[in-house]
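Working notes, beginning with the structure itself.
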Amino acid sequence: MAVKAVLFDLDDTLLWDERSVHESFEAVCAAAAREVPAIRPDRLEEAVRREARALYQTYETFPFTQMIGINAFEALWAHFTEGSQPEFRRLQELAPRYRTEAWTRGLSAVGVDNPDLGYRLGEMFAEERRARPIVFEETFEILDRLKGRYKLLLLTNGAPDLQQEKLDGVPELAGYFERIVISGTYGEGKPSPAIFRYAMDLLGIDATEGIMVGDKLTTDILGSNRVGMRNLWLNRHGIKRDDSIVPAYEAPDLRPLPELLETL
Numbered sequence: 001m002a003v004k005a006v007l008f009d010l011d012d013t014l015l016w017d018e019r020s021v022h023e024s025f026e027a028v029c030a031a032a033a034r035e036v037p038a039i040r041p042d043r044l045e046e047a048v049r050r051e052a053r054a055l056y057q058t059y060e061t062f063p064f065t066q067m068i069g070i071n072a073f074e075a076l077w078a079h080f081t082e083g084s085q086p087e088f089r090r091l092q093e094l095a096p097r098y099r100t101e102a103w104t105r106g107l108s109a110v111g112v113d114n115p116d117l118g119y120r121l122g123e124m125f126a127e128e129r130r131a132r133p134i135v136f137e138e139t140f141e142i143l144d145r146l147k148g149r150y151k152l153l154l155l156t157n158g159a160p161d162l163q164q165e166k167l168d169g170v171p172e173l174a175g176y177f178e179r180i181v182i183s184g185t186y187g188e189g190k191p192s193p194a195i196f197r198y199a200m201d202l203l204g205i206d207a208t209e210g211i212m213v214g215d216k217l218t219t220d221i222l223g224s225n226r227v228g229m230r231n232l233w234l235n236r237h238g239i240k241r242d243d244s245i246v247p248a249y250e251a252p253d254l255r256p257l258p259e260l261l262e263t264l
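Heads up, the sequence shown is in this note's numbering, so the first residue is 1 and it goes up one at a time.
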């Protein structure tokens, strides 16, 4: 059956979140090195990334954030002011301490014992990340080609206020979509079949009439496979995959999508 709707992931599919995070780390670690010349920025970034991941997993909210799809680096700048689940209120309480402790532990790992600097770097990282809403070069070109020809829906994992903040940073993006579904608002994240069925109901389609486009095998591709929806995996880094999760189609970026849709 012909495709009537395209479901898009947001982070590292339309928005270049990976680059935003990396540039933010670079800016903050460079600032730390200016204050403490013994610090090597690359080693501090590596240490903070490692310590942030480890610390994030110790919180009682970790299973919830896994289910909703909120990663450790998003939590370094999120406010968690929205979302009806009680876990979001706990995350709201934890976030300031988490920012400070992750950076303080990272400093300690490179031989600098300075909690005050850890606090300042944590706040600086949040500011730097907010200042970097980056889209991929082809994002708007492809959306322009699809708008009006297909129903477009944005299906993104994450905290409601944080994902909305990302969209607000690129204000022209939201207008391309008939509906926007955020896992933290729905209450369950990709790859749950339930959130895909919810998105299909909003669009008035069945699985054979949609295609999911995303960069993550374990969420976008696995979840759409589970409901019988075709999918396009954006393999921007040329990753060699095994056959545990098999996408219907694969491309290095969004550019082949319009021609692919014409063949389906």
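Just so you know, even glycine gets a beta-carbon here, dropped at the ideal spot from N, CA and C.
Using the beta-carbon count (16 or more within 10 Å), is residue 264 buried or exposed?
exposed
Using the C-alpha atoms, what's the distance from residue 196 back to residue 224?
7 Å
I'd like to know whether the C-beta atoms of residue 153 and residue 136 end up nearer to each other than 7 Å.
no
Given residue 245 as reference, the closest of 237, 255, 256, 233 once Cα atoms are compared:
233
So, at 6 Å on beta carbons, what are the nonlocal neighbours of residue 122 in its own chain, with the 5 sequence-adjacent residues on each side left out?
99, 100, 103
Can you name, in chain order, every residue of its own chain whose Cβ lies under 7 Å from the Cβ of residue 109, other than the five neighbours on each side?
Excluding sequence neighbours, residue 109 sits near 47, 51.
Does the distance from the CB of residue 172 to the CB of residue 254 come in under 7 Å?
no
Shortest alpha-carbon distance to residue 58 belongs to which of 94, 81, 37?
94
I'd like the list of long-range same chain contacts for residue 114, defined as Cβ closer than 8 Å, with 5 residues on each side in sequence excluded.
36, 104, 107
When you compare each of 166, 257, 24 to residue 143 by their alpha carbons, which one comes out closest?
257
So, are the CB atoms of residue 79 and residue 161 less than 7 Å apart?
Against a cut-off of 7 Å, the Cβ pair of residue 161 and residue 79 comes out as a contact.
If contacts are defined as beta-carbon pairs under 8 Å, then residue 203 and residue 5 qualify, I think. What distance do you get, rounded to the angstrom?
5 Å
Using a threshold of 7 Å, state whether the C-beta atoms of residue 228 and residue 207 are closer than that.
yes
Beta strand (DSSP E) containing residue 151: first to last residue?
151 to 156
Residue 222 versus residue 213: straight-line alpha-carbon distance, rounded:
12 Å
Cutting at 7 Å between CB atoms, please list the residues of its own chain near residue 112, excluding the five before and the five after it.
36, 39
How would you call residue 210, buried or exposed, if buried means at least 16 neighbouring beta carbons within 10 angstroms?
Around the Cβ of residue 210, a 10 Å sphere holds 16 or more other Cβ atoms; the residue is buried.
Residue 54 classed as buried or exposed, judged by whether at least 16 other C-beta atoms fall within 10 angstroms
exposed
Can you tell me where the alpha helix (DSSP H) holding residue 28 begins and where it ends?
In this chain, the alpha helix (DSSP H) harbouring residue 28 covers 17 to 35.
For residue 211, which beta-bridge partners are listed by DSSP?
6, 230
Which residue from 71, 185, 29, 242 puts its Cα closest to that of residue 85?
When each option's Cα is compared against that of residue 85, the closest is 185.
Quick check on residue 82: does DSSP put it in helix, strand or coil?
coil
Beta carbon of residue 91 nearer than 7 Å to that of residue 61
yes
Alpha carbon of residue 97 to alpha carbon of residue 81, nearest angstrom
15 Å
For residue 252, tell me which candidate among 71, 193, 237, 167 has the shortest Cα-Cα distance.
If we check each option's Cα against that of residue 252, 237 comes out closest.
Which residues share a DSSP beta bridge with residue 251?
234
Uninterrupted alpha helix (DSSP H) stretches inside the segment 37 to 79 (no shorter than 4 residues)
List check, alpha helix (DSSP H) in window: 41 to 56, 62 to 68.
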